[in-house]
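**Student:** Sharing a structure with you now.
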Amino acid sequence: MDAISTFANGFIGLFSAGGEQFTSWVTGIIPQVICLMTAVNSVIKLIGEDRVENFCSKITGNFLARYIVLPVLAVICLANPMCYSFGRFVEEKYKPAYYDATVSFVHPVTGLFPHANAGELFVYMGIATGVQTQGYELGDLAIRYFIVGLIVMLIRGLVTERIYAVLTRNN
0 MDAISTFANG
10 FIGLFSAGGE
20 QFTSWVTGII
30 PQVICLMTAV
40 NSVIKLIGED
50 RVENFCSKIT
60 GNFLARYIVL
70 PVLAVICLAN
80 PMCYSFGRFV
90 EEKYKPAYYD
100 ATVSFVHPVT
110 GLFPHANAGE
120 LFVYMGIATG
130 VQTQGYELGD
140 LAIRYFIVGL
150 IVMLIRGLVT
160 ERIYAVLTRN
170 N
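Residues in the sequence shown are numbered consecutively from 0, following numbering that gives the first Met the number 0.
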């Protein structure tokens, strides 16, 4: 009988812990995400959507802009999954590489811009909890994630661009 009671209490405890976590998000991260999204959308509206589109179209000729600047702007401004829509500004032959670069950045950005990929926030927060437990600063983790994300997205963009060029050349 004690085993059943222990199991039942543990089972309910699991959902209680989940409820506490959810409550902390509702009072903490969710309002922050909403404010950040509102600010980003306001800036785009102030600048003008046409101007933003023209700027993005012009910068895609440079590989650094194509695989770093444009994906960073897309992820921060539009968040996941809308960030992939900025691929429309990229030439057809670069679209697979743009997508690969962008998809590799939607997790590393969550430390500085949690609105960009709220679905992955639980992963970052789990890692962040471990880092804080060890006595390290969260800001350092967020900046390191961001920098590594930039490096990885550039590498993935260039490698995928080359692979795509090789594969399409043979057809």
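We treat Cβ as the ideally placed atom computed from N, Cα and C, and that holds for glycine. Quick caveat, the model's predicted, so the values are computed rather than measured.
Apart from the five residues just before and just after glutamate 52, which ones in its own chain have a Cβ nearer than 8 Å to its Cβ?
**Tutor:** Phe88
**Student:** If I'm right that threonine 101 touches tyrosine 83 with Cβ under 8 Å, what's the distance once you round it to whole angstroms?
**Tutor:** 6 Å
**Student:** Just to confirm my understanding: we take leucine 111, look at its own chain, exclude 5 residues before and 5 after, and list those with CB closer than 6 Å. What are they?
**Tutor:** Cβ neighbours of leucine 111 within its own chain (closer than 6 Å, five residues either side excluded): Ala141, Phe145.
**Student:** Taking 8 Å as the threshold, find out whether the segment 111-121 comes into contact with the segment 149-157 through three or more Cβ pairs.
**Tutor:** no
**Student:** Helix, strand or coil for glutamate 136 per DSSP?
**Tutor:** coil
**Student:** For serine 103 and phenylalanine 14, I'd like the C-alpha separation in whole angstroms.
**Tutor:** 32 Å
**Student:** Alpha helix (DSSP H) containing glycine 17: first to last residue?
**Tutor:** 1-26
**Student:** Assuming valine 74 and valine 105 make a contact with CB atoms under 8 Å, what is their CB distance in whole Å?
**Tutor:** 6 Å
**Student:** Evaluate glycine 9 with the Cβ neighbour count: other Cβ atoms within 10 Å of its Cβ, from every protein chain shown; 16 or more gives buried, anything less gives exposed.
**Tutor:** The residue in question, glycine 9, is exposed, as its Cβ has fewer than 16 Cβ neighbours within 10 Å.
**Student:** With a CB to CB cut of under 8 Å and the five nearest residues on each side skipped, what residues in its chain are close to glutamine 131?
**Tutor:** Leu137
**Student:** Taking the alpha carbon of proline 95 as the point to measure from, which residue in Asp139, Ser23, Gly17, Met152 has its own alpha carbon closest?
**Tutor:** Met152
**Student:** For the alpha helix (DSSP H) that contains alanine 96, what are its first and last residues?
**Tutor:** 94-102
**Student:** Please state whether DSSP places histidine 106 in a helix, a strand or coil.
**Tutor:** coil
**Student:** How about alanine 141: is its Cβ closer than 6 Å to a heavy atom in the ligand GDP?
**Tutor:** Absence of the ligand GDP is noted for the structure shown, with no ligands found whatsoever.
**Student:** Report the rounded CA-to-CA distance for lysine 57 versus tryptophan 24, giving the unit in angstroms.
**Tutor:** 39 Å
**Student:** What distance in whole Å lies between the Cβ atoms of proline 107 and valine 71, which are believed to be in contact at a cut-off of 8 Å?
**Tutor:** That pair is no contact at about 10 Å.
**Student:** Quick check: phenylalanine 85 and leucine 69, are their CB atoms within less than 7 Å of each other?
**Tutor:** The Cβ atoms of phenylalanine 85 and leucine 69 lie closer than 7 Å to each other.
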